[in-house]
Each structure stands twice: as C-alpha cells, then as structure tokens.
Amino acid sequence: MPVAPNRTSSAHHRSGVELRRVRANGVDLNVALAGEGPAVLLLHGFPHTWRLWTNVLERLAGRYRVIAPDLRGLGASGPADGGYDAGTLATDAEALLDALGENSAAVIGIDAGTPPAFLLAMRRPDLVRQLVVMESLLGTLPGGEEFLARGTPWWFGFHAEPGLAEFVLTGHEERYLDWFLDAGTLGRGVDPAVRDAFVHAYTGTEALRRAFSYYRAMPTSARQIQEAVRTSRLTVPTMAIGAHPVGRALERQLRPVADHLVGHTVEDCGHIIPLDRPEALLGLLEPFLALAGRPAVDRPGPR
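The numbering of the sequence shown is the working numbering, which starts it at 284 and goes up by one.
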C-alpha cells in the first residue's frame with residue numbers, strides 16, 4: 284500500500300509529553316511522544332485516545348521513546364473517509380514509525396489496536412522487536428470459541444450497522460461512553476480528566492461514525508488476518524495479556540501461529556487494563572520489554 288510522504292509538525296507539551304502532528308499514510312495523526320531510547324509504539328482501542336496510556340506512559344518513558352498516536356479518524360487525528368481495516372491501520376503504524384525515524388519498535392496494542400499490531404508484526408518482523416497484545420480477538424481465528432459461546436458482545440452488531448448507532452447516540456454520547464468506562468474497570472471508573480478527554484473525542488455524529496467504522500471494517504480485518512496466518516507465522520517474541528472479559532481467548536488464538544509466546548491474565552481487572560490495573564500491567568511489560576533481542580520463553584504464564 285502506498286505511503287504518503289512523511290511530514291511532521293510539533294505541537295504543545297503536557298506533563299513531559301510532546302503532542303505532534305505526523306503525516307502518515309495520507310492521514311494527519313495526533314501523536315503523543317515521551318522519553319528517549321528504543322521505540323515503544325502504543326495502539327489504543329475504543330472508546331479511547333492516546334490518553335488510555337496515561338498511567339503507564341511516564342514509567343515507560345524512563346527507558347524508552349514512547350509513541351502513542353490517536354488512531355486514524357479518532358481523537359485529535361485527522362478524519363479519514365476509509366481505511367479502518369486492520370491492514371490499513373498496520374500501514375499507518377509502519378508509516379508513523381518511518382516518519383519518526385524509527386527502524387524498530389516494540390508494538391503494544393489493546394482492543395481495536397490489537398489486530399493492526401498483529402498484522403504489522405506478521406508483515407514486518409524486521410521492524411517489530413516485540414509484540415504485546417491485550418483484550419481483543421484476532422478475527423475468526425480458532426481459540427475464541429469459549430469467549431464467544433454466548434454470542435459476540437451486543438455492541439458489535441449495533442456499531443456495525445451503517446448509520447444506525449451514530450443516529451441513535453448523537454446527543455447521548457456521555458452516558459454511552461460512561462457505560463464502557465465503568466464496565467471496562469469493573470465499576471471503578473477512570474480519572475475524571477481522562478474520562479472527559481474520551482467523551483470530548485467521541486462527541487458528535489462524525490466522531491461516532493469514524494469510531495464505528497472500525498466495527499464495520501471487521502469482516503475485512505478478519506480476512507486480512509486469515510490470509511496472514513495462511514501464508515506465514517508470527518516469529519517475533521509476543522506476549523498476550525487478558526483480563527475481564529476476554530481472558531485467555533487471545534492467547535489461545537495465538538498459540539498455533541506464534542513461535543515465541545507468553546500469556547498472562549490480570550486478576551480483578553476490567554477490559555481497560557492500562558487504566559484499571561496500570562501497576563500490574565507495568566509489572567508484566569517492564570520485564571518483557573527488557574528481554575528485547577532474546578526470544579520469549581514459550582510458557583503459559585501465571586493465571
């Protein structure tokens with residue numbers, strides 16, 4: 284897929300974080316940058332922005348150059364008419380690293396950020412040092428049957444119907460997003476400033492439409508994932524982290540296709556791991572990232 288010429292511009296700073304506009308794959312991405320060292324790319328999901336990583340970013344920035352974009356069409360990133368499939372998002376991530384002068388990165392994805400992180404590692408094992416994926420399924424790969432035994436989550440179908448969810452929800456975004464943030468932290472909620480940033484990012488018909496385009500592109504993403512595992516294996520050191528509700532489903536999907544995989548679950552933790560249990564997440568990320576250059580030990584990990 285063609286990549287547009289690189290173009291970057293600096294924005295303002297906040298608590299040691301530089302916000303920068305970066306032109307990548309034809310889209311102006313809003314990118315949070317912090318720290319120096321080997322690159323770590325953080326890919327959020329729904330209904331998040333780069334602020335999802337608020338409670339882990341500072342610690343990681345002590346050793347790494349942390350790169351946390353708002354995904355295409357979301358948050359303060361530029362709008363896009365299409366390209367919400369995992370394959371295009373993987374190309375966005377590749378182009379972003381190139382624009383920032385990085386020739387390798389550990390890539391960490393959660394929720395909707397997991398499929399593009401996975402595809403980037405499959406396509407460019409020379410670029411991805413390590414892969415960490417959390418709380419998501421990879422299309423229709425085997426392994427998710429237990430999680431899906433009662434059907435897919437209700438909002439998947441609601442969001443996938445073109446034009447419906449944004450019509451119903453416009454004017455009610457705050458209440459809707461609060462449900463996800465409360466459910467995703469097992470009722471504990473998130474910091475008010477982070478919550479307000481998410482609400483601001485997903486308010487308005489067009490903001491909702493772009494968010495739900497991720498769900499509408501899921502069949503395309505699933506086909507891309509199937510094709511990737513049909514023709515190659517995941518060779519980079521990989522860690523799969525589960526919580527509630529996905530648990531071990533993602534790890535089970537990865538086991539047959541990954542050469543070096545460790546799996547963990549975080550107990551008493553909701554879906555939004557970086558905000559709900561940041562210390563537990565850092566306790567897994569820091570030693571894993573420190574192993575760069577050595578294969579991950581292939582073991583299930585603690586349950």
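C-beta atoms are modelled at their ideal positions from N, C-alpha and C, and glycine is treated no differently.
>> What does the alpha-carbon distance come out to for the pair G392 and L568?
In response: As a working note, residue 392 is residue 109 in the sequence shown. As a working note, residue 568 is residue 285 in the sequence shown. Using only the alpha carbons, I get a separation of about 12 Å.
> Going straight from the alpha carbon of W438 to that of F463, what length do you get?
Replying inline: Position 155 of the sequence shown, counted from the start, is the residue given in the question as residue 438. Position 180 of the sequence shown, counted from the start, is the residue given in the question as residue 463. Rounded to the nearest angstrom, the two C-alpha atoms are 10 Å apart.
>> Assuming contact is defined by CB atoms lying nearer than 8 Å, are P520 and Q413 in contact in what I supplied?
In response: For the purposes of this step, residue 520 is taken as the residue at position 237 of the sequence shown. For the purposes of this step, residue 413 is taken as the residue at position 130 of the sequence shown. Their beta carbons are under 8 Å apart, which means P520 touches Q413 by this criterion.
> Quick one: is N386 buried, meaning 16 or more other Cβ sit within 10 Å of its Cβ, or exposed?
Replying inline: Taking the first residue of the sequence shown as 1, we reach residue 386 at position 103. It is exposed - the Cβ of N386 has fewer than 16 other Cβ atoms within 10 Å.
> Considering only residues of the same chain and omitting the five flanking positions on each side of E457, which have a CB-CB separation below 7 Å?
Replying inline: Position 174 of the sequence shown holds residue 457. V482.
> Skipping 5 residues on each side, what residues in its chain have a beta carbon closer than 6 Å to that of A351?
Replying inline: The residue given as residue 351 occupies position 68 in the sequence shown. The answer, listed in chain order, is A315, L325, W333, W336.
>> Quick check on DSSP: helix, strand or coil for M284?
In response: Residue numbering aside, residue 284 sits at position 1 when the sequence shown is read from its first letter. Because M284 carries a pLDDT of 39, less than 50, the predicted location of this residue cannot be relied on, and the following value inherits that uncertainty. Note: M284 maps to coil in three-state DSSP.
> DSSP three-state call for P583: helix, strand or coil?
Replying inline: As a first step, residue 583 must be located in the sequence shown, where it is residue number 300. Residue confidence for P583 is low, a pLDDT of 44 falling below 50, so the modelled location carries little weight; the figure read from the coordinates is stated next. Three-state result, P583: coil.
> Would DSSP call N386 helix, strand or coil?
Replying inline: Within the sequence shown, residue 386 is the residue found at index 103, counting from 1. Looking at N386 - three-state DSSP - the assignment turns out to be coil, as it is neither helix nor strand.
>> How far does the alpha helix (DSSP H) with R348 in it extend, from its first residue to its last?
In response: Translated into positions along the sequence shown, residue 348 becomes position 65. R348 -> not in any alpha helix (DSSP H); beta strand (DSSP E) instead, spanning 348 to 352.
> How is N338 classed by DSSP in three states: helix, strand or coil?
Replying inline: As a position in the sequence shown, residue 338 is number 55, starting the count at 1. In this structure, N338 counts as helix in the three-state DSSP scheme.
> Tell me which same chain residues have a C-beta within less than 6 Å of the C-beta of G467, skipping the five on either side of it?
Replying inline: If you number the sequence shown from 1, residue 467 lands on position 184. Contacts found: G553, H554, I555.
>> Restricting to Cα atoms, I'd like to know which of L402, P398, E562, L537 is closest to F329.
In response: Mapped onto the sequence shown, residue 329 falls at position 46. When only C-alpha atoms are compared, the closest one is P398.
> Going by beta carbon distance, what residues of the same chain come within less than 8 Å of G370, once the five residues before and after it are set aside?
Replying inline: Looking up residue 370 in the sequence shown gives position 87. Hits under 8 Å: M284, P399, L402, T503, S504, Q507.
> Taking C-alpha atoms, which residue in A448, V529, I524 lies nearest to G434?
Replying inline: Translated into the one-based positions of the sequence shown, residue 434 becomes position 151. G434 has its Cα closest to that of V529, out of A448, V529, I524.
>> Output needed for A526: all residues of its chain with C-beta closer than 7 Å, excluding positions within five of it in sequence on either side, in chain order.
In response: In the sequence shown, the residue the question calls residue 526 occupies position 243. Once the five neighbours on either side are set aside, the close Cβ partners of A526 are E418, T548, V549, C552, G553, H554, I556.
> Could you check where the alpha helix (DSSP H) with A322 kicks off and where it finishes?
Replying inline: As a working mapping, residue 322 is identified with position 39 in the sequence shown. Where A322 is concerned, there is no enclosing alpha helix (DSSP H), although the beta strand (DSSP E) it sits in stretches over 322 to 326.
> Helix, strand or coil for V519 per DSSP?
Replying inline: On the sequence shown, residue 519 is found 236 positions in, with the first residue counted as 1. Looking at V519 - three-state DSSP - the assignment turns out to be coil, as it is neither helix nor strand.
> What are the residues that DSSP puts in a beta bridge with H547?
Replying inline: Within the sequence shown, residue 547 is the residue found at index 264, counting from 1. DSSP output for H547 lists I524 as bridge partner(s).
>> Quick check: the Cα distance between D559 and R471, rounded to an integer number of angstroms?
In response: What you label residue 559 is simply residue 276 of the sequence shown in a count that begins at 1. What you label residue 471 is simply residue 188 of the sequence shown in a count that begins at 1. Their Cα atoms are separated by approximately 8 Å.
> Looking at the unbroken alpha helix (DSSP H) that takes in A432, where does it start and where does it end?
Replying inline: Indexing the sequence shown from 1 puts residue 432 at position 149. First-last for A432: undefined, no H or E at that position.
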